[in-house]
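> Pasting in a structure now, in structure tokens, and then I'll have a few things to ask.
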Amino acid sequence: MLSDVVISGDDASEPEAKLVVPERIVVHGRAMQMYVDKETTIGTKTAINVMELPQSVQVLTEQLIDDQAARNITDLYRSIAGVSEFSYSGVTFRGFRDDANVFYDGVRGDPYSGFSVPQLFNVQRVEVLKGPASALYGGGEPGGMINYVTKKPTFVESKALTLSTGSEDMMGGSLDFTGGLTQDLAYRIGAYYQQEDSFRNNADSMNAEVAGGLLYEISDDTQLTTTFDLIKQDLGGNRLRGVPVDDAGNFLVDPSYNANEKSDFQKMDALVLQAILDHQFSNDFSVKTQIRYLNNESDQQYHESRGWVDVNGDGKANSTDGTIKREYRVQARANDEISLTNDFVYAFDALGFEHEFLFGGDYHYVETEYQYKLATDKTGVGNLNIFELNYGETDPSSYTLQDKNTDGTRANRYGVYVQEHLHFNEQWSLIAGLRFSQFDDYDKKTGFSFSDNAITPRAGLNYRPIDSMSFYLNYSESFKPASLADQAEDIADGFLDPETGNQVELGMKNDWLDGQFMTTLAVYRIEKQNVAQANPLDTGDDDGIPAMLNLGEVRSQGIEWTLVGDFNRGSDNHCKLCL
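Right under this line is the structure:
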């Protein structure tokens, strides 16, 4: 159960000339279209009405996030057709697991990457593009991408204070202030804190965040937006695994079971700095330059279940023994990332048609550090009786830790892309684009490096017979480079090619009741090739590692239907159906 108290207000600076008793007006409901947002940039990098976009896209508005009291992204997955939670920050798009196609304000640099769940305090809305996005955004799985649009400073004065309480001793609060400092300068400052326990043993969580920025209107044609985001997570006992079951799949113990000790934790600290410069050369020609810096550090210390222990001496280790052995893992990770994007947009008329031409390029740099230490039952880690939980009988400070791995990588991603949005007439339009991507990976420990490139096209045709209805057909491709670890493990057997994918999608979008709600029907087929698999003919006798080959293929196909809108006064609806 969750309870919120919200205090908000707008400043008034007009002097009071005389006492005025205003007429009292009682308003029921609220402005319509709180859930229906028909403009997005995720599919084209330019502002476009979703009815004109020949691809399935969902926009989760700020109002929907507030109404669902969503605190992190897992609270919203149920509202996104074709998307489900996989683990931590990873999701499954149309059958393909992906934790790399996560963007903030249209660029790479996810502060929650890895083992943290994205929080929504600093998020204004969430955009989800279904299908391959490589023609604009580079490498990734073919299932789709998610973009978090963060809150920015505005000249509209607003102040809000929120206090929250809930079950599992949850308590927290936030403040969010924005407004103009001068005629040309606006600010935003916000802070968030929340802590709560869990129904799982030895688990709790704390999330804190401070975010803000400045908006500078340099001229009528130029504006600079700068933002920062400081994030801290402290998750006690949260490397959560499943609950032991018998052969029939029945729980052997209460679902509150947790193999972690009370002292186990995973902590994360992140800093994000971002600047966006928008300039309008003319009514038809503009440029947007964006740079994003991210530093992320995480530490984890936790107990991991590693199988049953034969305690009754019958020669078999199984659930009747009621005891599991555990490992103790100590892991430290650090990421430094820089993303730079530059987009030019030119709108013009030629040969009797309307054109919107996009030309851009991006660069993404990632440097990682990783350290892993391990203790086992042979070096001091105590077993756990699942029926008579003996937490606290083992002391991590007495374990003998073994160094298992220390490494680091550097990755450079470059890309240039073009896109044409062609309007034949008021009903027919075409979007076509092409991207060249270059990737260079380097292992700082071994000195091993690998480079490759890919070209990814897309094309989509849109037919809008009336304003409230559109039909579309699209074809798009994707690529995903093989990991540096897979490339380096068995280099003698040759380099791995990137995994490639393609999608064909047919769909229909409808506005109903003067735009009060909207439906989208999409039928898609995705094929992924060059999937890296272990060579079944290579036993690994020569070097202990079976060779990897590009020989796998995966297919995903389905039907999605979504409905979102304001049906009547005080009632909002959002539903989905996937087959």
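Numbered per this note's numbering, the sequence shown finishes at 574, counting up by one with no gaps.
Quick reminder that beta carbons are idealized off the backbone N, C-alpha and C, glycines included.
1. As a quick exercise: from Gly138, Ala155, Phe445 and Ser478, pick the residue whose alpha carbon is nearest that of Leu124.
2. For Gly560, name the three-state secondary structure that DSSP assigns.
3. Note down the Cα distance separating Asp70 from Asp264, rounded to an integer number of angstroms.
4. Report the residue ranges of all beta strand (DSSP E) runs contained in full by the segment 256 to 295; include only those spanning at least 3 residues, in chain order.
5. Is Ile37 buried or exposed, if buried means 16 or more other CB atoms sit within 10 Å of its CB?
6. Looking at Ile271 and Pro106, is the spacing between their C-beta atoms short of 8 Å?
7. Going straight from the alpha carbon of Tyr394 to that of Glu256, what length do you get?
8. Buried or exposed for Asp561, going by 16 or more other Cβ atoms inside 10 Å?
9. Buried or exposed, going by whether 16 or more other CB atoms sit within 10 Å of the CB of Gly397?
10. Among the candidates Thr401, Ala427 and Phe339, whose CA atom is the shortest distance from the CA of Asn469?
11. In three-state terms, what does DSSP make of Ser51?
12. Output the distance between the C-alpha atoms of Asp606 and Phe343, rounded to the nearest integer angstrom.
13. For His274, which residues in the same chain have their Cβ closer than 7 Å to its Cβ, ignoring the five residues on either side in sequence?
14. Rounded to whole angstroms, what is the Cα-Cα separation between Leu176 and Tyr182?
15. Does the separation of the CB atoms of Gly207 and Gln189 fall below 8 Å?
16. Identify the residues that DSSP records as bridge partners of Lys33: which are they?
17. Helix, strand or coil: which one does DSSP assign to Val21?
18. Between the Cα of Arg236 and the Cα atoms of Thr222, Ser258, Ala198 and Leu210, which residue gives the shortest distance?
19. Considering Asp438, what are the terminal residues of the beta strand (DSSP E) in which it resides?
20. Please report the distance separating the alpha-carbon of Met543 from that of Lys475.
21. Flag this pair as yes or no: are the beta carbons of Gln295 and Arg195 separated by less than 8 Å?
22. Where Leu516 and Asp179 are concerned, what is the direct C-alpha to C-alpha distance, given to the nearest angstrom?
23. Give the C-beta separation of Ser471 and Pro127 to the nearest angstrom, bearing in mind that I take them to be a contact with Cβ-Cβ under 8 Å.
24. Look up Arg405 in the DSSP assignment and say whether it is helix, strand or coil.
25. If you check the beta carbons only, do Asp402 and Tyr365 fall under 8 Å apart?
26. Using the three-state DSSP reduction, which class does Tyr72 fall into: helix, strand or coil?
27. Apart from the five residues just before and just after Ser446, which ones in its own chain have a Cβ nearer than 6 Å to its Cβ?
28. By DSSP, does Val411 sit in helix, in strand, or in coil?
29. With a floor of 3 residues, list each beta strand (DSSP E) that falls wholly inside the segment 176 to 227, ordered by position along the chain.
30. Does the separation of the CB atoms of Thr318 and Asn380 fall below 8 Å?
31. Out of Val267, Asn378, Asp357 and Tyr360, state which residue places its alpha-carbon closest to the alpha-carbon of Trp303.
32. Buried or exposed: which applies to Ser277, given that a residue is buried once 16 or more other Cβ atoms fall within 10 Å of its Cβ?
33. Check whether the segment 340 to 358 and the segment 367 to 378 are in contact - that is, three or more C-beta pairs closer than 8 Å.
34. Do the CB positions of Phe116 and Glu204 come within less than 8 Å of each other?
35. Out of Asn497, Gln482 and Gly496, state which residue places its alpha-carbon closest to the alpha-carbon of Phe490.
36. Gln498 by DSSP, collapsed to three states: which one?
Taking the definition as stated:
1. Here the question's residue 124 lines up with position 129 in the sequence shown. Closest by C-alpha distance to Leu124, out of Gly138, Ala155, Phe445 and Ser478, is Gly138.
2. As a position in the sequence shown, residue 560 is number 565, starting the count at 1. In this structure, Gly560 counts as strand in the three-state DSSP scheme.
3. Residue mapping note: residue 70 aligns to position 75 of the sequence shown, counting from 1. Residue mapping note: residue 264 aligns to position 269 of the sequence shown, counting from 1. Pairing Asp70 with Asp264, the inter-Cα distance amounts to about 22 Å.
4. If only complete runs of 3 or more residues are kept, the segment 256 to 295 shows the beta strand (DSSP E) at 260 to 275, in order along the chain.
5. As a first step, residue 37 is located in the sequence shown; it is residue number 42 there, counting from the start. Counting the other Cβ atoms within 10 Å of the Cβ of Ile37 gives 16 or more, which makes it buried.
6. Taking the first residue of the sequence shown as position 1, residue 106 is located at position 111. Taking the first residue of the sequence shown as position 1, residue 271 is located at position 276. No, the pair does not count as a contact, with Cβ atoms beyond the cut-off.
7. Walking along the sequence shown from the start, residue 394 turns up at place 399. Walking along the sequence shown from the start, residue 256 turns up at place 261. Approximately 14 Å between the Cα atoms of the pair.
8. Your numbering for residue 561 matches position 566 in the sequence shown. Within 10 angstroms of the beta-carbon of Asp561 lie 16 or more other beta-carbons, which makes it buried.
9. Here residue 397 is taken as the residue at index 402 of the sequence shown, counted from 1. The amino acid at residue 397 is misidentified as Gly; the sequence shows Gln. Counting every other CB atom within 10 Å of its CB across the protein chains shown gives Gln397 a total below 16, marking it as exposed.
10. By 1-based counting over the sequence shown, the position of residue 469 is 474. Just measuring C-alpha positions, the residue of Thr401, Ala427 and Phe339 sitting nearest Asn469 is Ala427.
11. Residue mapping note: residue 51 aligns to position 56 of the sequence shown, counting from 1. If DSSP states are grouped into helix, strand and coil, Ser51 belongs with coil.
12. Residue 606 lies beyond the stretch modelled for the chain, which goes from -4 to 574, so this question has no answer here.
13. Sequence index remark: in the sequence shown, residue 274 carries index 279 (1-based). Excluding residues within five positions, the ones whose Cβ falls inside 7 Å are Asp216, Thr217, Ser281 and Val282.
14. Along the sequence shown, one-based indexing puts residue 176 at 181. Along the sequence shown, one-based indexing puts residue 182 at 187. The alpha-carbon atoms of Leu176 and Tyr182 are separated by roughly 7 Å.
15. As a first step, residue 207 must be located in the sequence shown, where it is residue number 212. As a first step, residue 189 must be located in the sequence shown, where it is residue number 194. In this structure, Gln189 does not lie closer than 8 Å to Gly207 by Cβ.
16. Counting from one through the sequence shown, the residue named residue 33 turns up at place 38. Within the DSSP secondary-structure output, Lys33 pairs in no beta bridge.
17. As a first step, residue 21 is located in the sequence shown; it is residue number 26 there, counting from the start. Caution is warranted here: a pLDDT of 46 is assigned to Val21, below 50, making its placement in the model unreliable, and the coordinate value is therefore given only provisionally. Under the three-state reduction of DSSP output, Val21 falls in the coil class, being neither helix nor strand.
18. On the sequence shown, position 241 is the one that residue 236 refers to. Checked all of Thr222, Ser258, Ala198 and Leu210; the closest Cα to Arg236 is Ala198.
19. If you number the sequence shown from 1, residue 438 lands on position 443. Start and end: Trp423 to Asp438.
20. Looking up residue 543 in the sequence shown gives position 548. Looking up residue 475 in the sequence shown gives position 480. Answer to the nearest angstrom: the Cα atoms are 16 Å apart.
21. Against the sequence shown, residue 295 aligns to sequence position 300. Against the sequence shown, residue 195 aligns to sequence position 200. The answer is no: Cβ separation not under 8 Å.
22. As a first step, residue 516 must be located in the sequence shown, where it is residue number 521. As a first step, residue 179 must be located in the sequence shown, where it is residue number 184. Cα-Cα distance, rounded: 44 Å.
23. Stepping through the sequence shown from its first residue, residue 471 is reached at position 476. Stepping through the sequence shown from its first residue, residue 127 is reached at position 132. Cβ-Cβ separation between Ser471 and Pro127: approximately 4 Å, consistent with a contact (criterion under 8 Å).
24. Working through the sequence shown from its first residue, we reach residue 405 at position 410. Residue state for Arg405 is assigned as strand, using DSSP reduced to three classes.
25. Residue numbering aside, residue 402 sits at position 407 when the sequence shown is read from its first letter. Residue numbering aside, residue 365 sits at position 370 when the sequence shown is read from its first letter. In this structure, the beta-carbon distance from Asp402 to Tyr365 falls below 8 Å.
26. In the sequence shown, residue 72 corresponds to position 77, counting from 1. Collapsing the DSSP output to three states places Tyr72 in a helix.
27. Along the sequence shown, read from residue 1 onward, the residue named residue 446 stands at position 451. Excluding residues up to 5 positions away in sequence, Asp435 lie with their Cβ nearer than 6 Å to the Cβ of Ser446 in the same chain.
28. Counting from 1 along the sequence shown, the entry for residue 411 is found at position 416. Val411 falls in the strand class under three-state DSSP.
29. Segments of the beta strand (DSSP E) lying fully in the segment 176 to 227: 180 to 192 and 199 to 212.
30. Indexing the sequence shown from 1 puts residue 318 at position 323. Indexing the sequence shown from 1 puts residue 380 at position 385. The criterion of a C-beta distance shorter than 8 Å is satisfied by Thr318 and Asn380.
31. For this step, residue 303 is matched to residue 308 along the sequence shown. Of Val267, Asn378, Asp357 and Tyr360, the residue nearest in Cα terms is Asn378.
32. By 1-based counting over the sequence shown, the position of residue 277 is 282. Exposed: under 16 other Cβ atoms inside 10 Å.
33. These segments do not touch.
34. The residue you call residue 116 lines up with position 121 of the sequence shown. The residue you call residue 204 lines up with position 209 of the sequence shown. Yes.
35. Position 495 of the sequence shown, counted from the start, is the residue given in the question as residue 490. Its Cα nearest to that of Phe490, the residue Gln482 stands out among Asn497, Gln482 and Gly496.
36. By 1-based counting over the sequence shown, the position of residue 498 is 503. Gln498 falls in the strand class under three-state DSSP.
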